[in-house]
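One line per chain: the protein sequences are A and B, in this order. Reminder that position 108 of the first sequence reads as 108 in this note's numbering, one-by-one numbering, no gaps. Adding 1000 to a residue's 1-based position in the second sequence gives its number in this note's numbering. C-beta atoms are modelled at their ideal positions from N, C-alpha and C, and glycine is treated no differently. Below: one structure, written as structure tokens.
There are 2 protein chains.
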Amino acid sequence: MTIKLYCFGESGNAYKAALALELSGLDWEPVFVDFFNGETRTERYRTEVNEMGEVPVMVDGDFRLSQSGAIQQYIADKTGKFGGEGRERYEVLRWVLWDNHKLSSVAGMTRFLMNFLPAEKRPEPVIAFNQGRLKAAYTVLNNHLRGRDWIVGDGPTNADFSCCGYLFYPEPFGFDRAEWPEIDRWLSNIQSLPGWKHPYDLMPGNPSDRA
Amino acid sequence: MTIKLYCFGESGNAYKAALALELSGLDWEPVFVDFFNGETRTERYRTEVNEMGEVPVMVDGDFRLSQSGAIQQYIADKTGKFGGEGRERYEVLRWVLWDNHKLSSVAGMTRFLMNFLPAEKRPEPVIAFNQGRLKAAYTVLNNHLRGRDWIVGDGPTNADFSCCGYLFYPEPFGFDRAEWPEIDRWLSNIQSLPGWKHPYDLMPGNPSDRA
Chain A
1 MTIKLYCFGE
11 SGNAYKAALA
21 LELSGLDWEP
31 VFVDFFNGET
41 RTERYRTEVN
51 EMGEVPVMVD
61 GDFRLSQSGA
71 IQQYIADKTG
81 KFGGEGRERY
91 EVLRWVLWDN
101 HKLSSVAGMT
111 RFLMNFLPAE
121 KRPEPVIAFN
131 QGRLKAAYTV
141 LNNHLRGRDW
151 IVGDGPTNAD
161 FSCCGYLFYP
171 EPFGFDRAEW
181 PEIDRWLSNI
191 QSLPGWKHPY
201 DLMPGNPSDR
211 A
Chain B
1001 MTIKLYCFGE
1011 SGNAYKAALA
1021 LELSGLDWEP
1031 VFVDFFNGET
1041 RTERYRTEVN
1051 EMGEVPVMVD
1061 GDFRLSQSGA
1071 IQQYIADKTG
1081 KFGGEGRERY
1091 EVLRWVLWDN
1101 HKLSSVAGMT
1111 RFLMNFLPAE
1121 KRPEPVIAFN
1131 QGRLKAAYTV
1141 LNNHLRGRDW
1151 IVGDGPTNAD
1161 FSCCGYLFYP
1171 EPFGFDRAEW
1181 PEIDRWLSNI
1191 QSLPGWKHPY
1201 DLMPGNPSDR
1211 A
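Shown next, in the form of structure tokens:
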């Protein structure tokens, strides 16, 4: 049974789940969600796909699940990959939660405001405030990665696939790899994993579709 | 061995872990963190307690863990309580992640900006923007709770203890129980649990200490 993932290329949250699916070796296929034409705000999407009005949503047979971190946990339980062993399981979850709380949530919002809203609608004070918060988050991650190849343990886990969610995108949102050498090195480690793909190569939809 | 929880009363994120510890029946005690005098920003706290510079941090013997959702998972694994059964485990995690991403992260920040910063430093455009995001989150939660007593399944889980993290506090941040009848009813269910305590009764420190 092929797992379906409701997603679109611009969503770093969807990328986290898509990357875990792809690198785990599971059989999966994307279902394109037309976010930029309002699909996630429709009554149909809210009632039939996800009451939270978000991507990603995974469907595996009769099981439907949203939130990238929950999907990653499901993949880890199903394949034995990327979830950590023993106490490391909690460390993986800890970084997934930190990412959701402090990094991806702020990065995703800021990237949206800076790139996908008309210039006259951009809330500049919010963007500036968020960039201050992001700098604090990059500092925590960069410091943690000093002397490490991966966020938890000796190999890639869902902690890595969560924290990198928005960091490969080309659109500006206040992140420059060159300013964060440990993050830069770690992102290269992820890019070197066999089968790694950029978000715009892994999921359908990207900004050039709307150009 | 008594579990220690680094926390302070004003932290809704710490409350989520403290409430799960308290209601699970585990033996635990709070360790007061003097957040408002900068303790979480000190080099000592960052190196010895938590590199993320946050509360809560749980210490159980030689195991140290931060992030409320990870601590809740540890408590569920240790006690068999509040984590859900079978597929419900993923639903619990889904709502914990949604809360971290969309509800508590925004509520906690907005409450801080509105109540714990000097008036002249309050970034009003950020507060207004966040309140729009919070209204969307309250709508998702209120709709989900229609016809339900608990967020997942037939009894309280960590999903409830996560989503309620900031909703019992008296300080204004744009949440009025009376406007959200399903949330109001669900919060009353939580308050009716044997052993339930308000955050300022469960953890040391509250705004009157600084009055």
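7 Å Cβ cutoff met for residue i and residue j
| i | j | result |
| --- | --- | --- |
| A/Leu-97 | B/Asn-1130 | no |
| B/Phe-1063 | B/Val-1033 | no |
| B/Ala-1070 | A/Tyr-74 | no |
| B/Asn-1158 | B/Val-1092 | yes |
| B/Leu-1005 | B/Ala-1018 | yes |
| A/Pro-194 | A/Tyr-15 | no |
| A/Glu-85 | A/Val-152 | no |
| A/Phe-125 | B/Pro-1125 | The question names Phe, yet the displayed sequence has Pro at residue 125 of chain A. Yes, Cβ-Cβ distance for A/Pro-125 and B/Pro-1125 is below 7 Å. |
| A/Ser-24 | A/Lys-81 | yes |
| A/Ile-127 | A/Leu-141 | no |
Cβ shell of residue i (< 8 Å), same chain only, five flanking positions each side left out
| i | result |
| --- | --- |
| B/Asn-1013 | Glu-1054, Val-1055, Pro-1056, Ser-1068, Ser-1104, Gly-1108, Gly-1165 |
| A/Phe-175 | Ala-107, Leu-134, Tyr-138, Tyr-166, Leu-167 |
| B/Thr-1181 | A small correction: the amino acid at residue 1181 of chain B is Pro; Thr does not occupy that position in the sequence shown. So the qualifying residues of the chain are Asn-1142. |
| B/Gly-1061 | Met-1001 |
Contacting residues, own chain, Cβ-Cβ under 7 Å from residue i (five flanking each side not counted)
| i | result |
| --- | --- |
| A/Arg-111 | Tyr-166, Tyr-169, Glu-171, Phe-173 |
| B/Lys-1197 | Glu-1022 |
| B/Ala-1076 | Phe-1082, Gly-1083, Asn-1158 |
is_contact[residue i, chain A] using C-beta, thresh 7 Å
| i | result |
| --- | --- |
| B/Leu-1097 | yes |
| B/Tyr-1090 | yes |
| B/Phe-1116 | no |
| B/Arg-1146 | no |
| B/Ala-1018 | no |
| B/Tyr-1138 | no |
| B/Val-1126 | yes |
| B/Arg-1064 | no |
| B/Leu-1141 | no |
| B/Arg-1094 | yes |
Other residues of its chain near residue i: CB distance less than 6 Å, five sequence neighbours each side excluded
| i | result |
| --- | --- |
| A/Glu-48 | none |
| A/Thr-40 | Gly-53 |
| A/Asp-149 | Asn-189 |
| A/Asn-206 | Gly-9, Tyr-200 |
| A/Tyr-45 | Glu-39 |
| B/Gln-1072 | Ala-1020, Asn-1158 |
| A/Phe-35 | Phe-8 |
Cutoff 7 Å: residue i Cβ touching any chain B Cβ
| i | result |
| --- | --- |
| A/Asn-50 | no |
| A/Ser-105 | yes |
| A/Arg-234 | With chain A covering only 1 through 211, there is no way to say anything about residue 234 of chain A. |
| A/His-101 | yes |
| A/Phe-129 | yes |
| A/Leu-5 | no |
| A/Ala-70 | yes |
| A/Arg-44 | no |
| A/Gln-67 | yes |
Cβ-based burial, residue i [other Cβ within 10 Å; buried from 16]
| i | result |
| --- | --- |
| A/Ala-136 | exposed |
| A/Asp-201 | exposed |
| B/Thr-1002 | exposed |
| B/Ala-960 | Outside the shown range of chain B, which is 1001 to 1211, sits residue 960 of chain B, and nothing can be said about it. |
| A/Asp-160 | buried |
| A/Asn-50 | buried |
| A/Lys-78 | exposed |
| B/Arg-1210 | exposed |
| A/Arg-94 | buried |
| B/Glu-1222 | This structure cannot speak to residue 1222 of chain B, because chain B is shown only from 1001 to 1211. |
| B/Pro-1156 | buried |
| A/Ser-66 | buried |
| B/Gln-1191 | exposed |
| A/Ser-162 | buried |
| B/Gly-1083 | buried |
Cutoff 7 Å: residue i Cβ touching any chain E Cβ
| i | result |
| --- | --- |
| A/Gln-73 | You won't find chain E in this structure, because its protein chains are A and B. |
Contact test: residue i Cβ vs the ligand FMN heavy atom, cutoff 6 Å
| i | result |
| --- | --- |
| A/Leu-167 | Looking at this structure, you won't find the ligand FMN or any other ligand, since it has none at all. |
If we count Cβ pairs, one from each stretch, closer than 8 Å, do we get three or more for the segment 1113-1130 of chain B versus the segment 1186-1203 of chain B? no
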